[in-house]
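Below is one structure, written out as structure tokens, with a few remarks after it.
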Amino acid sequence: MPNWCANALEASSNNTQEQAIIDSLFNGTVVNRTEEMITKLRKIYIAGIAGILSPISDAPEHVLDSAFSLSPNIATKARMNNDAGDAYCDFLRFMVDGVISPSTYADIDTLYARTGLASLWWGDIPAAKRKAIKAIWPYYAYDYTGRYYSDVSAWWMTASVERNQSEEGELDMRLLTEIPVKSAILVDLVNGRSSRHDLYQWVSTALSVSGGLVKTRLQDNGNYTFDTPNRPARSLSHLIPTYIANALNADECDLDVGCTVFFYEPGNAFQGIDDTTMDLTFTENEESGEIEEDLLPEIAEAFGY
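Per full-length UniProt numbering, residue 1 is the first one in the sequence shown, and the count goes up by one each step.
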């Protein structure tokens with residue numbers, strides 16, 4: 001079992017617009033379609049492997065070479081000289097260099113619509129290509145659905161439904177950064193099974209928090225507290241101001257945003273503020289004989305203790 005780190009986030013601004021953006025991240029009003037975007041791109045990727053989608057005849061060789069170097073499974077001699085094939089070429093470019101963020105939602109929606117997959121029902125896929133999808137699905141099922149054994153036809157039919165994932169009391173830290181498309185859709189295969197997905201590894205490294213999703217609690221002092229496995233969510237202290245600056249098309253230096261992460265790990269001898277870590281000392285209560293943790297006053301205050 002991992003050790004759990006307790007975090008307290010103090011984020012505020014005297015600017016009404018900036019404060020509204022901060023609030024939206026925690027109160028469920030922010031538009032969060034990141035999971036939907038990831039799934040749409042995964043569906044295009046699977047369709048390419050199964051031969052449902054193919055590039056156009058005059059697809060640039062450097063685009064094909066770059067895409068195939070990432071995933072030889074999509075290499076095919078077939079060509080599709082229509083808008084779907086042209087869209088698939090654009091997808092291959094996007095797979096190599098593209099990112100998923102609120103600023104690219106509209107581009108991904110357009111790309112997905114051009115492929116025609118939104119209106120392609122499972123039963124309308126030619127039998128040979130349905131068979132091809134079923135053959136490769138065991139290698140992707142866990143990473144794409146969280147289950148080793150799942151019905152690919154059900155996933156196919158519901159994968160691209162428009163869904164705002166935003167929820168009060170939940171912060172999706174993936175909203176605060178740009179996720180490389182290749183990290184979201186590619187799977188490392190080990191002994192015929194998928195290992196932990198590249199997306200999980202990338203998010204854990206980029207955000208310093210496993211998975212990126214955290215359940216938050218609003219304290220009486222206005223701070224948000226939440227737990228993370230193993231490590232504190234230090235990255236929030238710079239990710240949130242950057243996110244606000246991007247949302248307002250402003251220079252981060254001109255913002256009136258204060259953002260600080262306080263943290264400690266119960267029973268594991270460390271506490272800190274943003275990037276600074278201090279020792280957590282323990283004392284014995286003379287009356288009860290119990291061992292008590294000594295938090296720094298500013299950390300205890302941040303948690304509302």
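Backbone N, C-alpha and C define an ideal beta-carbon position, used for all residues, glycine too. Model, not experiment: these values are computed from the prediction.
| query | result |
| --- | --- |
| Cβ contact (3+ pairs, closer than 8 Å) linking the segment 28-46 and the segment 288-298 | no |
| Nearest-angstrom Cβ-Cβ length linking A50 and A132, presumed shorter than 8 Å | 4 Å |
| Opposing strand residues paired with F270 [DSSP bridges] | E265 and D279 |
| Cut-off 7 Å between Cβ atoms - residues of its own chain near L296, not counting five sequence neighbours on either side | Q271 and M278 |
| For R231 and L117, the rounded distance between their alpha carbons | 40 Å |
| Rounded C-alpha distance that separates T225 from A154 | 37 Å |
| Same chain only: Cβ atoms within 7 Å of N15, ignoring 5 sequence neighbours per side | D256 |
| Secondary structure of M1, DSSP reduced to three states | Because M1 sits at a pLDDT of 39, beneath the cut-off of 50, its placement in the model cannot be relied upon, and the following sentence gives the value as read from the coordinates. Looking at M1 - three-state DSSP - the assignment turns out to be coil, as it is neither helix nor strand. |
| S24 beta carbon less than 8 Å from that of G258 | no |
| Exposure of A184, with buried meaning 16 or more beta-carbon neighbours within 10 Å | buried |
| Distance between Q19 and M1 (C-alpha atoms, nearest Å) | Any reading at M1 is ruled out, since the residue's pLDDT is 39, under 50, leaving its predicted position unreliable. |
| CB of E170 within 8 Å of CB of L213, strictly | yes |
| A302 - DSSP class collapsed to helix/strand/coil | helix |
| Cβ-based burial, P241 [other Cβ within 10 Å; buried from 16] | buried |
| For T260 and D274, the rounded distance between their alpha carbons | 6 Å |
| Close-in-space but distant-in-sequence residues of the same chain around I22 (CB under 6 Å, 5 per side omitted) | A11 |
| Three-state secondary structure assigned by DSSP to N73 | helix |
| Chain C within 8 Å of A184, Cβ atoms only | The displayed structure is made up of one protein chain only, and chain C is not part of it. |
| Whole-angstrom distance between S160 and I100, CA atom to CA atom | 15 Å |
| Three or more C-beta pairs below 8 Å linking the segment 45-60 and the segment 196-210 | no |
| Proximal residues to N81 (C-beta, below 8 Å), its chain only, five neighbours per side dropped | I56 and S57 |
| Alpha helix (DSSP H) runs contained entirely in the segment 33-64, provided each spans 4 or more residues | 34-50 |
| Where S194 sits in the DSSP three-state scheme | Annotation note: pLDDT 46 at S194 (below 50); position unreliable, coordinate value reported separately. Strand. |
| Continuous beta strand (DSSP E) stretch holding D294: start and end | I291 to D294 |
| Cut-off 7 Å between Cβ atoms - residues of its own chain near V96, not counting five sequence neighbours on either side | S66, A67, L70 and K182 |
| Residue closest to R247, alpha-carbon to alpha-carbon, out of L175, P229, I179 and Q219 | Note that residue 247 is Ala in the sequence shown, not Arg. Closest option to A247, Cα to Cα, is L175. |
| Backbone CA spacing between L280 and S235 [nearest angstrom] | 21 Å |
| Straight-line Cα distance separating G304 from Y142 | 40 Å |
| Element boundaries [beta strand (DSSP E), containing L186] | L186 -> no beta strand (DSSP E), and no H or E assigned at all. |
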